[in-house]
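Participant:
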Amino acid sequence: MHCPVCLRADSIPLLDLGEGPVFCNVQWPSRAQAIAAAKAPIRLAACASCGHVFNEAFDPDIVAYAPGYENSQHSSTVFSRYAERLVERLATAYGLSGCAIVDIGCGRGELLEALARRVGGRGYGFDPSYSGGDASADAAVHVVREEFDPERARQIRPALICCRHVLEHLHAPGDFLDGVREAMAASGDPVLYLEVPNGTHLLRNAMVWDVLYEHVSYFTARSLRLALRSSGFRIHALYEAFGGQFLCVEAAVGAPARARSGRRARASDPSPADAAGPMTERIERWKRWSSGERRSGRTAAIWGAGTKGVMFLNLLGLNSDRPIPRALDQNPAKDGLFIPCTGQQISLPSVDALAGLSSVILMNSIYSGEVEARLAGMNVAVELLAAD
Ligand SMILES: [Zn+2]
783 MHCPVCLRAD SIPLLDLGEG PVFCNVQWPS RAQAIAAAKA PIRLAACASC GHVFNEAFDP
843 DIVAYAPGYE NSQHSSTVFS RYAERLVERL ATAYGLSGCA IVDIGCGRGE LLEALARRVG
903 GRGYGFDPSY SGGDASADAA VHVVREEFDP ERARQIRPAL ICCRHVLEHL HAPGDFLDGV
963 REAMAASGDP VLYLEVPNGT HLLRNAMVWD VLYEHVSYFT ARSLRLALRS SGFRIHALYE
1023 AFGGQFLCVE AAVGAPARAR SGRRARASDP SPADAAGPMT ERIERWKRWS SGERRSGRTA
1083 AIWGAGTKGV MFLNLLGLNS DRPIPRALDQ NPAKDGLFIP CTGQQISLPS VDALAGLSSV
1143 ILMNSIYSGE VEARLAGMNV AVELLAAD
């Protein structure tokens, strides 16, 4: 497979993680169905030319997003506050009062609704996995259960195109960005807000639980800048957010698209090759922990049944026996469902769900204050461990 960003076929193998679930964000109604969920190989490689990191074993034909894909994080107050600040920033920085907004990959449409409400404009979402109902003709937000369509976006003439956590899923991100630019060029002078998981954060901190089949790409600031400039965008701002876990870009239509060639790496860019060892070591460390817990008859649960939790359980090769028979998650839509491939049942955190546990493994430390407060509120004494 060629590099998704610079299109060169010159990659260096980085890390073979074996097989992982094709969909981390699809939970199953029975353990048998969960265990039978499809798997596919994850082999990370780094482009020798532009430094981009990607899954060279990715096959776009086996990934089709449909209703049932559940990745909302809005049940967390930490995430909700982040989303509120983002809405405020975009609304005030770009004078969007009364304007139309397009959100590509809008999920349930929570952010789009908040943006449309804040600016008093209309919101239009595209998401093939949207599971909400059809809006009435006079509703402020309309979501179509389809992939992004530049022609349709052009008719909407948005002042803002928002695209969170989509680009890393795409086999051909350049073609997608070309379409976004085309729709924007026909809409006056709109702004693009793009957000992806931060590949630099992943490489620097060996965040191996953030590697998942659905993500073809792990964008660093360097490869994201190259992808945008190659599709003819002018970057207003590129920054990290959410404790460094997200990489955000605000951009406008710039010079016509040009050849996809990368700048040379800076000394501050993380070397992808240096990350492979610490990622393997992290997996091995937790495997040793898990064997020790099993031998001593102790029981734990993960807190966070999102992608990190699913990959944690899968990369450790666990099943729903000890030491981790359960998963906890604050999203009510996941309550009672089962984790793909490893089969742990997911529950909302409660005194009953925590009964008999010696420890809880928090999948994302950014939520530690929130989770500690929940545990204290339930008066449950368990050891809280951090997987990151
Ligand atoms: Zn490349």
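Each number in the working numbering comes from the position in the sequence shown (counting from 1) with 782 added on. Note that the Cβ used here is the ideal one computed from N, Cα and C, for glycine as well.
(1) According to DSSP, E977 sits in a beta bridge with which residue or residues?
(2) Can you tell which of D960, A1033 and F1028 has its C-alpha closest to the C-alpha of Y1000?
(3) Return the residue from the list S857, F1094, R899 and D909 that minimises the CA-CA distance to L1130.
(4) Would you mind reading off the limits of the alpha helix (DSSP H) that contains L1055?
(5) Mind listing, in chain order, the continuous beta strand (DSSP E) runs of no fewer than 3 residues lying wholly within the stretch 871-951?
(6) Can I943 and I1017 be called in contact, C-beta distance under 8 Å?
(7) Quick one: what's got a C-beta closer than 7 Å to V1162's C-beta in the same chain, skipping five residues either side?
(8) Answer yes or no: the CB of V787 versus the heavy atoms of ligand 1, is any distance below 7 Å?
(9) State the start and end residues of the unbroken alpha helix (DSSP H) segment that holds L1097.
(10) What's the call for H844, buried or exposed, on a 16-neighbour Cβ count within 10 Å?
(11) Does the distance between the C-beta of H947 and the nearest non-hydrogen atom of ligand 1 fall short of 7 Å?
(12) Under 8 Å: do the stretch 1143-1157 and the stretch 828-835 share three or more Cβ pairs, one atom per stretch?
(13) What are the boundary residues of the alpha helix (DSSP H) that includes D1134?
(14) Report yes if the CB atom of Y975 is closer than 8 Å to the CB atom of E1032, and no otherwise.
(15) Should H953 be counted as a contact of ligand 1 given a C-beta to heavy atom distance under 7 Å?
(16) Measure the CB-CB distance between R1104 and R1067 and report whether it falls below 8 Å.
(17) Is R1007 close to ligand 1? I mean its beta-carbon at under 7 Å from any heavy atom of the ligand.
(18) Enumerate in chain order the residues of its own chain whose CB-to-CB distance from L1119 is below 7 Å, with the five nearest sequence positions on each side excluded.
(19) Under three-state DSSP, which class holds H1018?
(20) Got a sec: does ligand 1 put a non-hydrogen atom nearer than 7 Å to the Cβ of S831?
(21) Given a threshold of 16 other Cβ atoms within 10 Å of its Cβ, counted over all protein chains shown, does T874 qualify as buried or as exposed?
(22) Take every Cβ of the stretch 952-960, pair it with every Cβ of the stretch 985-1001, and state whether three or more of those distances are shorter than 8 Å.
(23) Ligand 1 and H834: does any heavy atom of the ligand fall closer than 7 Å to the residue's C-beta?
(24) Helix or strand or just coil, what does DSSP make of E801?
(25) What does E1165 pair with, by DSSP beta-bridge criteria?
(26) In whole angstroms, give me the CA-to-CA distance for S1141 and L1100.
(27) S1129 lies in the beta strand (DSSP E); which residues open and close that run?
(28) Just list the residues that DSSP pairs I1084 with in beta bridges.
Facilitator: In brief:
(1) Within the sequence shown, residue 977 is the residue found at index 195, counting from 1. Paired residues: R946 and C1030.
(2) Taking the first residue of the sequence shown as 1, we reach residue 1000 at position 218. The candidate whose alpha carbon is nearest that of Y1000 is F1028.
(3) In the sequence shown, residue 1130 corresponds to position 348, counting from 1. That would be S857, whose Cα lies nearest to the Cα of L1130.
(4) In the sequence shown, residue 1055 corresponds to position 273, counting from 1. The sequence given here has Ala at residue 1055, not Leu. First-last of the alpha helix (DSSP H) with A1055: P1054 to R1077.
(5) 882-886, 904-908, 923-926 and 942-946
(6) By 1-based counting over the sequence shown, the position of residue 943 is 161. By 1-based counting over the sequence shown, the position of residue 1017 is 235. Not closer than 8 Å, so no.
(7) Counting from one through the sequence shown, the residue named residue 1162 turns up at place 380. Hits under 7 Å: V1133 and L1136.
(8) Residue numbering aside, residue 787 sits at position 5 when the sequence shown is read from its first letter. Yes - ligand 1 has a heavy atom lying nearer than 7 Å to the Cβ of V787.
(9) Counting from 1 along the sequence shown, the entry for residue 1097 is found at position 315. Looking at the DSSP string, the run of the alpha helix (DSSP H) that includes L1097 is T1089 to L1097.
(10) Here residue 844 is taken as the residue at index 62 of the sequence shown, counted from 1. At residue 844 the sequence reads Ile, which differs from the His that was named. I844 should be labelled exposed.
(11) Numbered from 1 along the sequence shown, position 165 holds the residue referred to as residue 947. Outside the cutoff, so no.
(12) no
(13) Here residue 1134 corresponds to residue number 352 of the sequence shown, with the count starting at 1. Run containing D1134: V1133 to L1136, per the alpha helix (DSSP H) assignment.
(14) As a working note, residue 975 is residue 193 in the sequence shown. As a working note, residue 1032 is residue 250 in the sequence shown. For Y975 and E1032, yes; Cβs fall inside 8 Å.
(15) For the purposes of this step, residue 953 is identified with residue 171 of the sequence shown, where counting begins at 1. Result no, Cβ not under 7 Å from ligand 1.
(16) Counting from one through the sequence shown, the residue named residue 1104 turns up at place 322. Counting from one through the sequence shown, the residue named residue 1067 turns up at place 285. In this structure, R1067 does not lie closer than 8 Å to R1104 by Cβ.
(17) Taking the first residue of the sequence shown as 1, we reach residue 1007 at position 225. Not under cutoff, so the answer is no.
(18) Counting from 1 along the sequence shown, the entry for residue 1119 is found at position 337. These residues qualify, in order along the chain: Q809, W810, P811 and I1128.
(19) The residue given as residue 1018 occupies position 236 in the sequence shown. Correct three-state label for H1018: strand.
(20) As a working note, residue 831 is residue 49 in the sequence shown. S831: yes, Cβ under 7 Å from ligand 1.
(21) Numbered from 1 along the sequence shown, position 92 holds the residue referred to as residue 874. Counting Cβ neighbours within 10 Å, T874 comes out exposed, since fewer than 16 surround it.
(22) yes
(23) By 1-based counting over the sequence shown, the position of residue 834 is 52. True, at least one ligand heavy atom lies under 7 Å from that Cβ.
(24) Sequence index remark: in the sequence shown, residue 801 carries index 19 (1-based). Looking at E801 - three-state DSSP - the assignment turns out to be strand.
(25) Counting from one through the sequence shown, the residue named residue 1165 turns up at place 383. In DSSP, E1165 forms a bridge with S1141.
(26) Indexing the sequence shown from 1 puts residue 1141 at position 359. Indexing the sequence shown from 1 puts residue 1100 at position 318. Going by the C-alpha atoms only, they are around 16 Å apart.
(27) Counted from its first residue, the sequence shown places residue 1129 at position 347. Q1127 to S1129 is the extent of the beta strand (DSSP E) around S1129.
(28) Translated into the one-based positions of the sequence shown, residue 1084 becomes position 302. In the DSSP output, where bridge partners are listed per residue, I1084 has A1109 and I1143.
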